[in-house]
Amino acid sequence: MAIEQKDIFQFRSWSDLVQEYSTLQLKYESDRLPALAGIADIVSRIISDQYLSGIWKANLSSGLLWNPAKYPAKLSGIAGVPSWSWASVIGPIKASNITRQHLEANYKARALTKLEEGHSIREPGSINVAWNLISDHHHRHAGVIEIQDL
């Protein structure tokens with residue numbers, strides 16, 4: 007599924023919602039994902055996308071680019087919540103504002119599947135998403151994330 011320009015706002019809004027939601031102190035940590043299920047159901051119908059443990063499938067590559075706001079992060083230990091989901095940690099997270107379009111443009115340009123000591127190596131069953139951006143403040147941001155068995 008290709009992401010259209012109108013969808014970018016929805017995904018950024020979702021990232022903002024998740025980031026804000028992660029700051030809440032829930033009585034039961036196991037409620038973290040179920041509490042969003044109703045909203046996700048409505049959004050899913052609007053954007054025709056699949057919801058995967060707090061991240062939208064069409065935005066998976068940039069949806070995985072979150073990190074705990076505080077270290078060390080405390081793992082939630084909730085059964086059924088995958089470790090790659092922001093819901094796997096207790097406490098605030100920082101969601102990325104990098105969009106899939108940023109990632110796809112760089113991915114297509116560099117065609118990386120694995121970065122190993124500066125070499126690109128292809129592996130069946132996995133993809134790597136790489137980015138190298140210069141922010142408005144002229145800071146360089148770069149990274150590689152590997153996604154296997156999709």
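Mapping of the sequence shown onto this note's numbering: position 83 corresponds to residue 89, and the numbering continues sequentially without gaps. Just so you know, even glycine gets a beta-carbon here, dropped at the ideal spot from N, CA and C.
*Which of the three DSSP states, helix, strand or coil, is assigned to valine 95?*
Strand at valine 95.
*Can the beta-carbon of serine 67 be found less than 8 Å from the beta-carbon of alanine 93?*
No, the pair does not count as a contact, with Cβ atoms beyond the cut-off.
*Leaving out five residues on either side along the sequence, give the residues of the same chain with a beta carbon under 7 Å from the beta carbon of tyrosine 57.*
Around tyrosine 57, the same chain offers Ala46 and Ser50 as residues with beta carbons nearer than 7 Å, after the five sequence neighbours per side are excluded.
_Coarse secondary structure for isoleucine 45, derived from DSSP in three states_ = Here isoleucine 45 sits in helix by DSSP.
*Start and end residues, beta strand (DSSP E) containing tryptophan 72*: Per DSSP, the unbroken beta strand (DSSP E) holding tryptophan 72 starts and ends at 72-74.
*aspartate 37, buried or exposed, once every other Cβ within 10 Å from all chains shown has been counted against 16*: Around the beta carbon of aspartate 37, fewer than 16 other beta carbons sit within 10 angstroms, so the residue counts as exposed.
*For glutamate 35, collect the residues of the same chain with a Cβ closer than 7 Å to its Cβ; drop the 5 residues on either side in sequence, then sort them by chain order.*
These residues qualify, in order along the chain: Ser82, Ile84 and Ile96.
*Measure the C-alpha to C-alpha separation of aspartate 55 and lysine 76 and round it to an integer number of angstroms.*
Whole-angstrom Cα-Cα distance: 31 Å.
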